[in-house]
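Novice: Here it is, the structure in full.
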Amino acid sequence: MDSTNRQVAEKLHSMGELLELTGQNVFKVRAYYRAADVVERLPSAVTKCDERSLEQVGGIGVNIARKIMEIKDTGSFRELEELKAAIPASLIELLELDGIGPRTAHTLWQKLGIESIEDLERAARGNRIRAVRGFGEKKEEKFLKSISSFRQRSDRMNRLEAEEVISRVTEVLLPTTFEVAGSYRRGKSTIGDIDIVTTEPAALLNPKLRTVAEEIIDEGEKKTSLRCQNKRVDVRFTSPSRFGSMLLYLTGSKAFNIRMREIALNNGYKLNEYGIEDRSHGNLNTFATEEELFSFLGIEYIVPELREDWGEIEAATTHSLPNLVATGDIRGDLHVHSNWSDGSLSLVELSGIGEKMGYEYIVCSDHSKTLGIARGLDEEALERQAHEIEVINRDASCRLVHGIEVDILADGSLGLPAHILADLDIVIASVHSSFGQEKDIMTRRVLSAVDSDDVDIIGHPTGRIIGRRKPYEIDLSRVIERASDTGTALECNASPYRLDLDDVYIRESMKTGVKISIGTDSHGAEEFEHMRFGVSVIRRGWGTPEGVINTYSLSDLLEWAS
DNA sequence: GCCGTTTTCGGCCCGACTGTTTTCAGTCG
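And the structure:
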């Protein structure tokens, strides 16, 4: 059995859920959840690790390491299968409902025989739940509401969708009194809910929030939760003098917060969203900014994108945080389409937009002719395009670089012959077809493009489209390893629908010295500003200016590519 | 179940809000 890290993580996560339902020690439960998280973020395959080296990974001990070995051999592990046999599978889906945790699910199951969402709905409608001690009429209503919102629930948002919800909610907030926190602020590629910190008093803001909410989940003096555009929004109220600690708390991540609080404890302090309390005399130190709070703890400031308990806290205490790439370092966009293929802008317009963005260059990378749907270019069209680019570049401040996005065909060959590719300045090779190939075939297909002397960049290496298409099966650690041998760059496609490569693989690329290129894959004028999404993801992957070829000058870029 | 320049046993982040209670358990972030 060759399980992926995601599959192993799912097994460990299920174990955590089942243990919760049986009322096991919460710390044991948390250990499984934590191990699942760790496994999912590990760039190399756990099933290729041996037991000893697994035990060295933080959050994985002797027991869980043994279980991972068992998954490797058999696809699962005995304890998990035993629990699965004892607990109805549909009971787990009750945990998906808002307001139902393991205790509630367990009680409903034991007292009323409720094993599924449908059972719960019937029982609530029949007013049978209020008979159980600890439950009442309100609970029945709440369960029915949770079921209804569960049924119309949508997946995590991409960053553009998140920004729509944010603008809807913040239109009722006073400008300059708030900041958006949570995973949005950490630059994640997908967003679950929206978190906002504000200094506007609850008494003033709560009535205004009601006007933009489809539902108020709960409302208080310190915190209000609502649903807007079918997404959960959490608002925390604070004062300017305590803004820093609240922003830190609400930005997370959860794992980061836990680690920070542990560190505070070890130094005789207690950290919460109101400040840092000295445990010896109970004084509360408050912080208007996050910078002051970090400084109080004697830790270097950690930018939101790094706050994942992914080694950044250790790096901050030893002053070894990476120098992260920033939008200001970006000198050009390395992947855009013109109206020569499926884009909407002319070459002159591309150059004009590049100038407005303050870029030195833009790589015009239209599709090759094999991609039927995108009106791809053939040899003759490319020659004419080269000529037009040359003319435009004579008096343009932003230079067009002549590139192409060539297809990696199902057999690993490229959509255009080598002699044509050799004439182009930058060649991006991407998979646009046969997404269903099995992992080893797909991996070797992409590896053969990496091996090609003509290919400079592998475009959107996993092919995912957020919310629409899963990544294709591919062993990226092999691709990264080979790219490091050949000097091929991997793309971080900055489209908010792709963000591909994502942070974990950016980090792995940086470690192995593989260069990253950021391309917006723009097909129209409004997409060029998506560069910022790509930069955030690279920062999350500890990306430095040296590791990102968009920071090169035009001459350095061309020399790198030649 | 994990983990350790205080510990190999005994801890494990901290607080808001709700509903059902007469003081708190459960859920959530």
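Here the first sequence is numbered in our numbering, starting from 514 and rising by one per residue.
For every residue, glycine included, the Cβ atom is placed at its ideal position computed from N, Cα and C.
Spatial neighbours of Ala522 within its chain, please: C-beta separation below 6 Å, excluding the five flanking residues on both sides.
Specialist: On the first sequence, position 9 is the one that residue 522 refers to. The residues are Ala549, Val552, Glu553.
Novice: Taking the Cβ atom as the reference point for each residue, do Leu784 and Arg774 lie within a distance shorter than 7 Å?
Specialist: In the first sequence, counting from the first residue as 1, residue 784 sits at position 271. In the first sequence, counting from the first residue as 1, residue 774 sits at position 261. Going by C-beta atoms, Leu784 is nearer than 7 Å to Arg774.
Novice: Quick one: is the Cβ of Val645 within less than 6 Å of any heavy atom of the ligand HEM?
Specialist: The ligand HEM is absent from the structure shown, which contains no ligand whatsoever.
Novice: Per DSSP, what kind of secondary structure is Leu1067 in: helix, strand or coil?
Specialist: One-based indexing of the first sequence puts residue 1067 at position 554. Leu1067: helix per DSSP, three-state reduction.
Novice: Starting from Tyr782, follow the alpha helix (DSSP H) in both directions and report where the run begins and ends.
Specialist: Position 269 of the first sequence, counting from 1, holds the residue named residue 782. Here Tyr782 belongs to no alpha helix (DSSP H); instead the beta strand (DSSP E) covers 782–785.
Novice: Alpha carbon to alpha carbon, what distance is there between Arg1045 and Arg749?
Specialist: Start at 1 with the first residue of the first sequence, and residue 749 comes out as number 236. Start at 1 with the first residue of the first sequence, and residue 1045 comes out as number 532. Looking at the two C-alpha atoms, the distance is approximately 27 Å.
Novice: Rounded to whole angstroms, what is the Cα-Cα separation between Asp708 and Ala894?
Specialist: The residue you call residue 708 lines up with position 195 of the first sequence. The residue you call residue 894 lines up with position 381 of the first sequence. Spanning the two alpha carbons is a distance of roughly 49 Å.
Novice: Assuming Ala1002 and Ile1051 are in contact, meaning their beta carbons sit under 8 Å apart, how far apart are those beta carbons, in whole angstroms?
Specialist: Taking the first residue of the first sequence as position 1, residue 1002 is located at position 489. Taking the first residue of the first sequence as position 1, residue 1051 is located at position 538. That belief does not hold up - the Cβ atoms of Ala1002 and Ile1051 are roughly 12 Å apart, past 8 Å.
Novice: Report the three-state DSSP secondary structure of Asn798 (helix, strand or coil).
Specialist: Reading the first sequence from its first residue, position 285 is the one you call residue 798. In the structure shown, Asn798 sits in a strand (DSSP, three-state: E or B).
Novice: Which residue wins for smallest C-alpha separation from Gly845, given the options Ala828, Glu803, Val914?
Specialist: Residue numbering aside, residue 845 sits at position 332 when the first sequence is read from its first letter. That would be Val914, whose Cα lies nearest to the Cα of Gly845.
Novice: For Leu604, which residues from the same chain have a beta carbon less than 7 Å from its beta carbon, with the 5 sequence-adjacent residues on both sides left out?
Specialist: Numbered from its first residue, the first sequence carries residue 604 at position 91. Excluding sequence neighbours, Leu604 sits near Leu534, Ala618, Trp622, Glu628.
Novice: Do Ala578 and Glu564 have their C-beta atoms within less than 7 Å of each other?
Specialist: The residue given as residue 578 occupies position 65 in the first sequence. The residue given as residue 564 occupies position 51 in the first sequence. It is a contact, given that the beta carbons lie within the stated cut-off.
Novice: Less than 8 Å between C-beta atoms, sequence neighbours within five positions excluded: which residues of the same chain meet that for Ile1019?
Specialist: Counted from its first residue, the first sequence places residue 1019 at position 506. Once the five neighbours on either side are set aside, the close Cβ partners of Ile1019 are Cys1005, Ile1029, Val1050, Ile1051, Arg1053, Gly1054, Trp1055, Gly1056.
Novice: Is Asn906 helix, strand or coil when you go by DSSP?
Specialist: To locate residue 906, count along the first sequence from 1; it is residue 393. Helix at Asn906.
Novice: Classify Ile987 as helix, strand or coil using the three-state DSSP reduction.
Specialist: As a first step, residue 987 is located in the first sequence; it is residue number 474 there, counting from the start. Looking at Ile987 - three-state DSSP - the assignment turns out to be coil, as it is neither helix nor strand.
Novice: Val838: buried (16+ other C-beta within 10 angstroms of its C-beta) or exposed?
Specialist: Counting from 1 along the first sequence, the entry for residue 838 is found at position 325. Buried: at least 16 other Cβ atoms inside 10 Å.
Novice: To the nearest angstrom, how far is it from the Cα of Tyr814 to the Cα of Ala599?
Specialist: Here the question's residue 814 lines up with position 301 in the first sequence. Here the question's residue 599 lines up with position 86 in the first sequence. Taking the straight line from one Cα to the other gives about 48 Å.
Novice: Please report how far the alpha carbon of Ile704 lies from the alpha carbon of Leu673, in whole angstroms.
Specialist: In the first sequence, the residue the question calls residue 704 occupies position 191. In the first sequence, the residue the question calls residue 673 occupies position 160. Going from the Cα of Ile704 to the Cα of Leu673 covers about 10 Å.
Novice: State yes or no: is the C-beta of Leu761 within less than 7 Å of the C-beta of Leu797?
Specialist: By one-based count along the first sequence, residue 761 stands at place 248. By one-based count along the first sequence, residue 797 stands at place 284. Not in contact: Leu761 and Leu797 (Cβ atoms no closer than 7 Å).
Novice: My parser needs the alpha helix (DSSP H) runs of 4 or more residues fully inside the segment 745–791; what are they?
Specialist: Here the runs fully enclosed are 756–764, 767–779.
Novice: Tell me whether Ala694 is buried or exposed, calling it buried when 16 or more other Cβ atoms sit within 10 Å of its Cβ.
Specialist: Working through the first sequence from its first residue, we reach residue 694 at position 181. Ala694 comes out buried.
Novice: Nearest to Leu934 by alpha carbon, out of Leu1067, Ile917, Gly649?
Specialist: On the first sequence, position 421 is the one that residue 934 refers to. The shortest Cα separation from Leu934 among Leu1067, Ile917, Gly649 belongs to Ile917.
Novice: Count the CB pairs spanning the segment 865–883 and the segment 918–925 that are closer than 8 Å, and state whether there are at least three.
Specialist: Yes: at least three Cβ pairs fall under 8 Å.
Novice: State buried or exposed for Ala675, treating a residue as buried only when at least 16 other CB atoms are found within 10 Å of its CB.
Specialist: Against the first sequence, residue 675 aligns to sequence position 162. That one is buried.
Novice: Can you give the beta carbon distance from Ile584 to Leu567, rounded, assuming they're within the 8 Å contact cut?
Specialist: Counting from 1 along the first sequence, the entry for residue 584 is found at position 71. Counting from 1 along the first sequence, the entry for residue 567 is found at position 54. About 11 Å; that fails the 8 Å criterion.
Novice: Between which two residues does the beta strand (DSSP E) holding Leu534 run?
Specialist: To locate residue 534, count along the first sequence from 1; it is residue 21. Leu534 -> not in any beta strand (DSSP E); alpha helix (DSSP H) instead, spanning 518–534.
Novice: Anyone know if the C-beta pair for Ile941 and Gly976 falls short of 7 Å?
Specialist: For the purposes of this step, residue 941 is identified with residue 428 of the first sequence, where counting begins at 1. For the purposes of this step, residue 976 is identified with residue 463 of the first sequence, where counting begins at 1. Not closer than 7 Å, so no.
Novice: Once you ignore the five residues that flank Asp967 on each side, which residues in its own chain have a CB closer than 7 Å to its CB?
Specialist: Your numbering for residue 967 matches position 454 in the first sequence. Only Ala931, Leu934, Ala935, Val940 meet the Cβ criterion.
Novice: Got a sec? Which residues, its chain only, sit under 6 Å from Thr802 by beta carbon, not counting five neighbours each side?
Specialist: Here residue 802 is taken as the residue at index 289 of the first sequence, counted from 1. The residues are Gly757.
Novice: By DSSP, does Tyr814 sit in helix, in strand, or in coil?
Specialist: Numbered from 1 along the first sequence, position 301 holds the residue referred to as residue 814. Coil.
Novice: Short of 8 Å in beta carbon distance, which residues of its chain neighbour Leu657, apart from the five on each side in sequence? Order them along the chain.
Specialist: Reading the first sequence from its first residue, position 144 is the one you call residue 657. Closer than 8 Å at the Cβ level, and outside the excluded window around Leu657, lie Glu634, Ala637, Arg638.
Novice: Report the CB separation of Ala558 from Ser997 in whole angstroms; it is logged as a contact under 8 Å.
Specialist: Translated into positions along the first sequence, residue 558 becomes position 45. Translated into positions along the first sequence, residue 997 becomes position 484. Ala558 to Ser997, Cβ: 17 Å. No contact.
Novice: Beta-carbon within less than 7 Å of Arg912's beta-carbon, same chain only, minus the 5 sequence neighbours each way: which residues are those?
Specialist: For the purposes of this step, residue 912 is identified with residue 399 of the first sequence, where counting begins at 1. Answer for Arg912: Glu873, Tyr874, Asn906, Leu1067, listed in chain order.
Novice: What is the residue span of the alpha helix (DSSP H) that Leu596 lies within?
Specialist: Here residue 596 refers to the residue found at position 83 of the first sequence. Per DSSP, Leu596 belongs to the alpha helix (DSSP H) from 591–599.
Novice: How far does the alpha helix (DSSP H) with His932 in it extend, from its first residue to its last?
Specialist: Reading the first sequence from its first residue, position 419 is the one you call residue 932. From DSSP, the alpha helix (DSSP H) with His932 extends over 931–934.
Novice: Could you give the uninterrupted runs of the alpha helix (DSSP H) lying entirely in the segment 568–650, keeping only those of 4 residues or more?
Specialist: Fully enclosed alpha helix (DSSP H) runs of 4 or longer: 575–587, 591–599, 602–607, 615–625, 630–638.
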